[in-house]
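Novice: Numbering-wise, the sequence shown is residues 37 to 372 according to our numbering.
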Amino acid sequence: MDGEKPVIEQIQDSIPSGEDMKNTVYDGVDGVSSSLTEMKQSIRDSLEDFSNTSVSEASNDFLTSNSLLAKFSFILLVVIIFMIVLKIMISILGYFLTPSSNPYIIKGALNGNDKVIVPQDPSNLESAPVLKSNDRHRGVEFTWSVWLFLNTASTASTPQNIFVKGNENFDATTGLNLMNGPGLYVEKIDTADSADNTQYNLVLMMDHNGGQETTGNNNGRDRITVESIPIRKWVHVAVRLQNTLLDVYVNGTIAKRHNMLNAPKQNFNDVTVCGNTGFPGKLADLRYYSYAMNVFEINNVVMFGPNTRPSDLSIDSRAKTGTYSYLSNMWYSDKY
């Protein structure tokens with residue numbers, strides 16, 4: 037035992053001094069910090085290498101890889117992007133090329149004797165196609181909206197045409213079109229010898245698919261009469277069909293309701309406005325809706341009122357917007 041250190045002293049000698057422990061901790065921290073720095077630098081170098089690689093090189097490296105899954109994923113991604121772009125392009129083309137389902141037939145004001153035929157052929161640049169209503173679960177439905185201004189300068193004894201979805205063939209005796217899908221007319225009623233006491237009824241004709249009409253004397257059509265339409269003021273009229281229920285609204289208020297016993301009949305003919313001899317007065321904003329408007333939508337149209345600016349289809353507008361040379365004196369004498 038002589039010459040040997042006691043056990044306690046040996047243990048104490050094996051324990052590093054405080055300075056040594058501090059140096060050890062510092063070395064460990066420096067090592068971890070160096071490792072993190074090297075890792076960060078490695079990631080940065082990798083990203084820089086990827087950024088410096090051209091798209092073609094990256095694509096070639098990707099395509100020439102031995103991974104079948106990578107190739108399949110790339111092709112699938114290309115197909116998905118192509119389908120998305122194709123769908124967007126089809127939607128854009130459809131927006132500009134597909135006819136509106138709620139077109140203006142006449143936008144602006146038109147004199148009652150300015151006969152206009154609005155073609156239904158979509159290939160015609162002047163057309164305003166009226167799309168036939170789909171027979172939904174509630175049946176056929178549509179709404180026609182128009183503003184009327186009636187005066188007293190009429191001597192006609194038969195109904196006079198406002199508009200009709202049909203053809204140009206009018207019966208000389210009745211004044212009605214041979215096809216009405218629908219047809220709206222005004223009928224004069226003399227209450228006195230004075231013209232100032234002239235009153236008008238609205239006459240609505242609607243073809244159906246068979247049988248004797250329930251009101252009137254014509255086969256295959258129903259006749260609805262709305263009495264005493266106001267004169268010398270703008271009046272809004274809405275013709276609303278839902279299944280077999282046919283309504284006429286005047287200034288946003290229902291004036292007549294008629295339940296058709298047979299299915300209403302639509303046609304593909306042109307829209308004739310102010311046909312035959314026309315009617316005494318003006319109309320404005322004749323518009324078709326491919327659905328049955330509710331009372332709130334109809335009153336919203338009434339609230340905005342008529343557009344009394346001359347329609348581009350009026351005779352005056354067509355005369356003033358003819359083809360003129362910029363050197364022609366017609367610009368000054370006729371156009372303005």
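Quick reminder that beta carbons are idealized off the backbone N, C-alpha and C, glycines included.
Because the structure is a prediction, the values reported are computed rather than measured.
With a cut-off of 8 Å, do at least 3 Cβ pairs link the segment 332 to 342 to the segment 274 to 286?
Specialist: Because the criterion of three Cβ pairs below 8 Å is met, the segment 332 to 342 and the segment 274 to 286 touch.
Novice: My understanding is that residue 216 touches residue 298, with C-beta atoms under 8 Å, so please give their C-beta distance in whole angstroms.
Specialist: Position 180 of the sequence shown, counted from the first residue, corresponds to residue 216. Position 262 of the sequence shown, counted from the first residue, corresponds to residue 298. With a Cβ gap of about 14 Å, residue 216 and residue 298 do not count as contacting.
Novice: Report the residue from 292, 271, 327 and 276 whose alpha carbon sits nearest the alpha carbon of residue 319.
Specialist: Reading the sequence shown from its first residue, position 283 is the one you call residue 319. Among 292, 271, 327 and 276, the Cα nearest to that of residue 319 is on 271.
Novice: Between residue 194 and the rest of its own chain, which residues show a CB-CB distance below 7 Å, the 5 nearest in sequence each way excluded?
Specialist: For the purposes of this step, residue 194 is taken as residue 158 along the sequence shown, with counting starting at 1. Hits under 7 Å: 210 and 211.
Novice: Please classify residue 6: is it buried, with 16 or more other beta-carbons within 10 angstroms of its beta-carbon, or exposed?
Specialist: Lying outside 37 to 372, the shown extent of the chain, residue 6 is not represented and no answer is given.
Novice: Which value, in whole angstroms, describes the spacing of the CA atoms of residue 312 and residue 146?
Specialist: Taking the sequence shown and counting its residues from 1, one reaches residue 312 at position 276. Taking the sequence shown and counting its residues from 1, one reaches residue 146 at position 110. Whole-angstrom Cα-Cα distance: 15 Å.
Novice: Please specify which runs of the beta strand (DSSP E), each continuous and at least 3 residues long, are wholly inside the segment 235 to 312, giving them in chain order.
Specialist: Those beta strand (DSSP E) runs which fall completely within the segment 235 to 312 and span 3+ residues are 255 to 265, 270 to 278, 281 to 286, 289 to 295 and 307 to 309.
Novice: State the Cα-Cα distance for the pair residue 310 and residue 204, rounded to the nearest angstrom.
Specialist: Locating residue 310 in the sequence shown gives position 274, where the first residue counts as 1. Locating residue 204 in the sequence shown gives position 168, where the first residue counts as 1. Straight-line Cα distance between these residues: approximately 11 Å.
Novice: Going by C-alpha to C-alpha distance, which of 239, 324 and 338 sits closest to residue 294?
Specialist: Reading the sequence shown from its first residue, position 258 is the one you call residue 294. The residue with the shortest Cα to Cα distance from residue 294 is 239.
Novice: Answer yes or no: do residue 167 and residue 127 have a C-beta to C-beta separation smaller than 8 Å?
Specialist: If you number the sequence shown from 1, residue 167 lands on position 131. If you number the sequence shown from 1, residue 127 lands on position 91. No, the pair does not count as a contact, with Cβ atoms beyond the cut-off.
Novice: Exposed or buried, what is residue 339 when buried is set at 16 or more other beta-carbons lying within 10 Å of its beta-carbon?
Specialist: If you number the sequence shown from 1, residue 339 lands on position 303. Label assigned to residue 339: exposed.
Novice: In whole angstroms, give me the CA-to-CA distance for residue 268 and residue 156.
Specialist: Position 232 of the sequence shown, counted from the start, is the residue given in the question as residue 268. Position 120 of the sequence shown, counted from the start, is the residue given in the question as residue 156. Going by the C-alpha atoms only, they are around 32 Å apart.
Novice: Less than 8 Å between the beta carbons of residue 200 and residue 308, yes or no?
Specialist: On the sequence shown, position 164 is the one that residue 200 refers to. On the sequence shown, position 272 is the one that residue 308 refers to. Yes.
Novice: Which value, in whole angstroms, describes the spacing of the CA atoms of residue 142 and residue 162?
Specialist: Here residue 142 refers to the residue found at position 106 of the sequence shown. Here residue 162 refers to the residue found at position 126 of the sequence shown. C-alpha separation (whole angstroms): 11 Å.
Novice: Could you check what DSSP says for residue 179 in three-state terms: helix, strand or coil?
Specialist: By 1-based counting over the sequence shown, the position of residue 179 is 143. Of the three classes helix, strand and coil, the one that applies to residue 179 here is strand, per DSSP.
Novice: Alpha carbon to alpha carbon, how far is residue 112 from residue 103? Give it in angstroms, no decimals.
Specialist: Taking the sequence shown and counting its residues from 1, the one referred to as residue 103 is at position 67. Taking the sequence shown and counting its residues from 1, the one referred to as residue 112 is at position 76. So the two alpha carbons sit approximately 15 Å from each other.
Novice: Name the residue from 346, 324, 151 and 345 whose alpha carbon lies nearest to the alpha carbon of residue 182.
Specialist: Here the question's residue 182 lines up with position 146 in the sequence shown. Selected option, being the one with the closest Cα: 324.
Novice: When we look at the beta-carbon of residue 304 and count the other beta-carbons within 10 Å, is it buried (16 or more) or exposed?
Specialist: What you label residue 304 is simply residue 268 of the sequence shown in a count that begins at 1. Residue 304 should be labelled exposed.
Novice: Any idea what DSSP makes of residue 143, helix, strand or coil?
Specialist: Here the question's residue 143 lines up with position 107 in the sequence shown. Three-state result, residue 143: strand.
Novice: Can you tell which of 314, 291 and 296 has its C-alpha closest to the C-alpha of residue 281?
Specialist: If you number the sequence shown from 1, residue 281 lands on position 245. Out of 314, 291 and 296, 296 has the C-alpha closest to the C-alpha of residue 281.
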